[in-house]
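To start, the structure under review is shown below, and the notes come after it.
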Amino acid sequence: MSTIKVEGPASQRHAQEALALAAGNGNPQTAAVANRVAGMTHLAMGQLVPAEELLSEGRAAAEVVGSQNNLYDALSALALLCVRAGRVAEALNWIEPLQDLLDLGTPGFAPEDLAETAIVETYLAANRIHHAIEFGATGLARRVAAGHGLTVTRLRVVLGRAHAAAGDFVAARSLWEAALPHTIEESLPERADIESLLADLQNCAGAE
């Protein structure tokens, strides 16, 4: 069980409390949840080393108890972590079992589009642009059909980046503009990223 401390805002304190609870009762199911929550908190802060330790422990605990939901989220987060660390080959390894869970219809506890976002980001980092676009479009359609069209912000952003990498700036703009209203309404941090991406497109168009 990890002894890494999580300090700061309420979300970090919540993660620390979960780790303390897991350490106290020794329940693998609790450990799977606690390590996943704490690891994703560190990942969101850009603290990759503690995030990887916690997520790896969470993945292992999820496998022990057979918790596909926790495994789904841990694999998603580990793939994103490896992409951000520049370890693309490892990220590709993580998304293989993740895609199997997606095919089974496994739900996670994290945001609805976390797994699809992780897979598209991995393909994009590996320069597999066609795979990123194809998989992302399928994932987006599936989430929209399930009634989650308003909350797939991250997937729209990264899928837009894939289209931009392929030179399809019209498709990229459409995806980013569709994602923007929800980020404004919910005061999400992705708003600044989307506005920056749209501004870059506008600047490129103005320079032509």
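If you use the numbering used here, the sequence shown corresponds to residues 2 to 209, in order.
All C-beta atoms in this analysis are idealised placements derived from N, C-alpha and C, irrespective of residue type, glycine included.
Here the structure is a predicted model, which means the values were calculated and not measured.
Given a cut-off of 7 Å, decide if residue j and residue i are closer than it, judged by their beta-carbon atoms.
{"i": "residue 75", "j": "residue 59", "result": "yes"}
{"i": "residue 105", "j": "residue 116", "result": "no"}
{"i": "residue 62", "j": "residue 89", "result": "no"}
{"i": "residue 78", "j": "residue 56", "result": "yes"}
{"i": "residue 86", "j": "residue 125", "result": "no"}
{"i": "residue 195", "j": "residue 167", "result": "no"}
{"i": "residue 118", "j": "residue 156", "result": "yes"}
{"i": "residue 93", "j": "residue 53", "result": "no"}
{"i": "residue 144", "j": "residue 113", "result": "yes"}
{"i": "residue 40", "j": "residue 70", "result": "no"}
{"i": "residue 84", "j": "residue 29", "result": "no"}
{"i": "residue 180", "j": "residue 158", "result": "yes"}
Hey, how far is the Cα of residue i from the Cα of residue j?
{"i": "residue 150", "j": "residue 141", "result": "8 Å"}
{"i": "residue 120", "j": "residue 132", "result": "10 Å"}
{"i": "residue 8", "j": "residue 135", "result": "For residue 8, the predicted model reports a pLDDT of 45, less than 50, meaning its position is unreliable; a value from the coordinates is still stated below. Roughly 40 Å separates the two Cα atoms."}
{"i": "residue 51", "j": "residue 164", "result": "33 Å"}
{"i": "residue 42", "j": "residue 107", "result": "22 Å"}
{"i": "residue 152", "j": "residue 193", "result": "16 Å"}
{"i": "residue 205", "j": "residue 199", "result": "10 Å"}
{"i": "residue 33", "j": "residue 67", "result": "10 Å"}
{"i": "residue 37", "j": "residue 191", "result": "22 Å"}
{"i": "residue 154", "j": "residue 147", "result": "15 Å"}
{"i": "residue 169", "j": "residue 178", "result": "15 Å"}
{"i": "residue 96", "j": "residue 185", "result": "31 Å"}
{"i": "residue 5", "j": "residue 91", "result": "Model confidence at residue 5 stands at a pLDDT of 39, short of 50, so the residue's coordinates are unreliable and nothing is read from them."}
{"i": "residue 47", "j": "residue 174", "result": "27 Å"}
{"i": "residue 189", "j": "residue 162", "result": "19 Å"}
{"i": "residue 31", "j": "residue 183", "result": "33 Å"}
{"i": "residue 171", "j": "residue 197", "result": "16 Å"}
Quick one: measure Cβ to Cβ for residue i and residue j, integer angstroms, because I've assumed they're closer than 8 Å.
{"i": "residue 176", "j": "residue 160", "result": "6 Å"}
{"i": "residue 102", "j": "residue 73", "result": "5 Å"}
Going by DSSP, what residue range makes up the alpha helix (DSSP H) through residue i?
{"i": "residue 175", "result": "170-186"}
{"i": "residue 107", "result": "Neither: residue 107 is in no alpha helix (DSSP H) and is coded neither H nor E."}
{"i": "residue 41", "result": "29-45"}
{"i": "residue 118", "result": "115-126"}
{"i": "residue 153", "result": "Residue 153 -> no alpha helix (DSSP H), and no H or E assigned at all."}
{"i": "residue 60", "result": "49-66"}
{"i": "residue 210", "result": "Only positions 2 to 209 of the chain appear in this structure, which leaves residue 210 out of reach."}
{"i": "residue 143", "result": "130-146"}
Checking contacts by CB at 7 Å: is residue i closer than that to chain C?
{"i": "residue 144", "result": "The structure shown has no chain C; it contains just one protein chain."}
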